[in-house]
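These notes are about the structure you will find just below.
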């Protein structure tokens, strides 16, 4: 039990510090770090200034952009991944291994390394400053395909055999046998797709120049300005707080899919 | 036991799967017998067509948004200063002491962090499995750091590791230990980065392992307990072998992520002190976005990816050799 | 949760439609109205009012300002101007980077387009804007450094307050002694560098002692870090940290809060902190002349952003007109310097701006005369070199390691080799 508590503290402390810093006047954030005092962890002076300053700008719009882009990526990405995973796990055809290799290499390529050449492609296609520019690079995710494919392999083949023997076509089988029974893998793949977009920084920076289309993490970075003119940790933490709400909410919503126990019968 | 190789989330057991609806079962009864002649060839062609149709969006998006720019970057890495193509950039890199150090640092970093993260993720997952009071809370706390943009996490830990007034040293001081020069010491900077990376990543991997743990039937564990096996014995002899594939998957995925990660270094140490945290990808980033030397940056990336491919290839072999199908 | 098939299909369709349909609001470019895209590294709230002023006075042109984070700025410029995306017309050009920007062909040749600017810009600013006799950028801002000190901490130590008179400026040696005394008397830190471990903040030390800038040769493409005076100056700087007078492990973002919370006795820094320090009622701050070595000359750092016009702009006339308004008119220069205490490069607007800063606090008396003197007499610009960016990076890392205790000669030797190696790729 002690281990649990200590580990919990390890994870919680920095989070707590961000939380209270979001509501503190800037100087207080750094004032009470040493020696360790009550004020290190419990703020006596609270303010909503950081939040109000944040909302005065385009942060809310940027947060909406982030959410929209991530949601669209997850939906489209899941569709693409499920189709591909099905083909790679269930169907048998020549060249299957080669294509799987493409998928694997696909997720090994570091995105930052291809961001610049990719940016040039988008410029040529006149697709800068569009939601398409933000969403498209995220929908093909080798890791998500991989996760789903491995899961599909685990679904007993005789189910498929039985269904096709009874005349079920590809779509039917895909949907009713595989997708419906793969909740955990769908959530896993969805998580991968989501995190990719939620963490995206370099790509939006390159491809979006219009503030109204920009995503939240980039906007937060712009608040920093140059070191000469100071950076505002209060606003950054406040922004971070707001940005964390979405993933945490999603986790709460979906966590039961990860932790099904043997006792549960069927998946709903 | 269902044959799942490297499955990160638990595969359904036959009893859990929703059976096809009655409609299908009672549908048209036509079997393969009637189209046996030429049927196989037809079926193969048809399968191929369907497969390609299903794969098309994935292949197009992967090819367009990953492989093609990667190819462009690969070609760029051979652009020489004089205007032609050649190995000049690679020669330059491998002859620079700084780059040689980078290779060493990158390998050391990954050799340390990947096993550490997997072990910690497993430990956490096991801990949470114990169903101690507040399980949901612990799960949330461990996962929450993943929700933050990694840059913010790096900023916070940068402050926490400050020698004079950082929270880490404040705690050490309260407990009676000496304050440590975390980010300014060549021997402590890398461990500091590893700690920070664990704080961010372990919760994420833990979630994948939890699902695997939950798949293990209680009956097996209970039987072992009745037979007198203690907690350690049960864990090492039963649990770990049963989630071996999930473990290997997490190892591979974590390796990929850690090989390509550099944001903490960028924010906390800038590769120092004395190059002790100078990761190859960090240098690639500086070359590309700081000095605008694209060919050199591309060469960095090709080298990193080559090393990564080799390592992941080895890990894949491990995965393959332990089970028959793939 | 039941997964309705219809919901999934509907969602996919909606997403696809959104993809196709959503683009950024187009900027109307009719025959008459020209849009100028202006890229800078400051936040929008600072620059938008300036841009609005120009737009109101020039109905045929609409300038739109876009903020790009500082660390990514040169990358974004390389990508957009170099990649000809067509959405950059005017952009910030940080003075020491001018040679590489010009070399890369990003900046439009402005020779003959700027009118008569002699006397409106300082000689040193014009020099930085000129390459091979042609002028490529318009100086917008410049900089200087002062020595901030905490009156209360010095009083508690019984230390004489340093003088604001440039003729009586404190020496680095005296400063070190005073900082030590202040610490003995209770100050947490005797000394603090504003932009610690950055070449900009460090340059005056070796220059003052006669060790040069660190670069030499015709094109400033040879490392010159190992001459005795350079090493001596660096060792002095290291001693401030090794003797515990200044804190290790804090980066430039964190130094000003430390001074402002009253924990440090001395901090050389730029005038940009003057407004914020003046507002802080708990901080008793004074300003003195920037230090020099006893056996050396008085040297202060200088320079800041210029403005460049993108080489592939489609509206050169309007872009140049805007640039001229910001940098050559008193009105534009003052607007640009509003809210940001960085000295403008415009010599007509500068005295007004500096006087305004001086009035912010009684402790700033004499600032304007000091700043003008320094910028005209002791300012030394950063070395002009196409390899400046690499140089700054190498120096930054070397300084940080030296600050943490690396042997100066060894580490500078290593840095010298790194420079030669990096520069070999530039010829």
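Protein chains in written order, with my numbering: chain A, 201 to 468; chain B, 3 to 328; chain C, 2 to 428.
Just so it is clear, CB atoms sit at the ideal spot from N, CA and C, and this is done for glycine as well.
Every value quoted in this text rests on a predicted model; they were computed, and no experiment measured them.
- Within chain B, the residues whose beta carbon sits less than 8 Å from that of residue 419(C) are 100, listed in sequence order.
- Counting of Cβ neighbours within 10 angstroms places residue 383(A) among the buried residues, the total reaching 16 or more.
- Counting C-beta pairs with one atom in each stretch, the region 58 to 66 of chain B and the region 270 to 287 of chain A have three or more that are closer than 8 Å, which means they touch.
- CA-CA distance, residue 312(B) to residue 293(A), rounds to 27 Å.
- Residue-level contact by beta carbon holds for residue 422(A) and chain C, with a gap shorter than 8 Å.
- Along the region 54 to 82 of chain B, going in chain order, the ones with a CB nearer than 9 Å to a CB of chain A are 54, 55, 56, 57, 58, 59, 60, 61, 62, 63, 64, 65, 66, 67, 68, 69, 70, 71, 72, 73, 74, 75, 78.
- Under the three-state reduction of DSSP, residue 307(C) is assigned to strand.
- At a cut-off of 8 Å between beta carbons, residue 221(C) makes no contact with chain B.
- Identification of residues in the region 153 to 174 of chain C having a C-beta nearer than 9 Å to some C-beta of chain A yields an empty set.
- Collapsing the DSSP output to three states places residue 201(A) in coil.
- Residue 288(C) is bridged by DSSP to 149(C).
- DSSP places residue 237(C) inside the alpha helix (DSSP H), whose first and last residues are 229 to 243.
- Under the three-state reduction of DSSP, residue 380(C) is assigned to strand.
- In this structure residue 208(A) touches residue 140(B) by the C-beta definition: roughly 6 Å separates them, less than 8 Å.
- At a cut-off of 8 Å, the C-beta of residue 328(C) has no neighbouring C-beta in chain A.
- Remark: C-beta atoms of residue 138(C) and residue 329(C) do not approach each other more closely than 8 Å.
- About 16 Å separates the Cβ atoms of residue 195(C) and residue 249(C), ruling out a contact at the 8 Å cut-off.
- Excluding the 5 residues flanking it on each side, residue 359(A) has same chain C-beta neighbours closer than 7 Å at 377, in chain order.
- Straight-line spacing of the CA atoms in residue 394(C) and residue 73(B) works out to 29 Å.
- At a cut-off of 8 Å between beta-carbon atoms, residue 165(B) makes contact with chain C.
- With fewer than 16 other beta carbons inside 10 angstroms of its own, residue 121(B) counts as exposed.
- Cβ atoms of residue 167(C) and residue 342(C) stay farther apart than 8 Å, at about 20 Å.
- Within 10 angstroms of the beta-carbon of residue 89(B) lie fewer than 16 other beta-carbons, which makes it exposed.
- Two segments are said to touch when three or more pairs of C-beta atoms, one from each, lie closer than 8 Å; by this definition the region 210 to 224 of chain B does not touch the region 77 to 84 of chain B.
- The residues 132, 137, in chain order, have a CB closer than 6 Å to that of residue 103(C) in the same chain once the five nearest residues on each side in sequence are set aside.
- Within the same chain, Cβ atoms closer than 6 Å to the Cβ of residue 158(C) are found at 182, 183, 186, the five residues on either side in sequence being excluded.
- Ranked by Cα distance from residue 314(B), the first of 250(A), 307(A), 220(A), 297(A) is 307(A).
- In the same chain as residue 387(C), and ignoring 5 residues on each side of it, the C-beta atoms closer than 8 Å to its own belong to 100, 101, 104, 220, 222, 427, in chain order.
- Within chain A, not a single residue places a beta-carbon under 7 Å from that of residue 117(B); the smallest gap is close to 18 Å.
- For the C-beta of residue 319(A), the chain C residues within less than 8 Å are, from N- to C-terminus, 80, 84.
- By the C-beta density criterion, residue 360(C) is exposed, having fewer than 16 other C-beta atoms within 10 angstroms.
- Residue 318(B) and residue 255(B) have their alpha carbons spaced roughly 11 Å apart.
- The beta carbon of residue 137(B) lies closer than 7 Å to those of 130 in the same chain, with the five residues before and after it left out.
- For residue 67(C), the enclosing beta strand (DSSP E) has its first and last residue at 62 to 68.
- The alpha carbon of residue 420(A) has as its nearest neighbour, out of 116(B), 232(B), 154(B), 96(B), the alpha carbon of 154(B).
- Take residue 301(B), set aside five residues on each side of it, and the residues of its chain with a beta-carbon closer than 7 Å to its own are 79, 91, 92, 95, in chain order.
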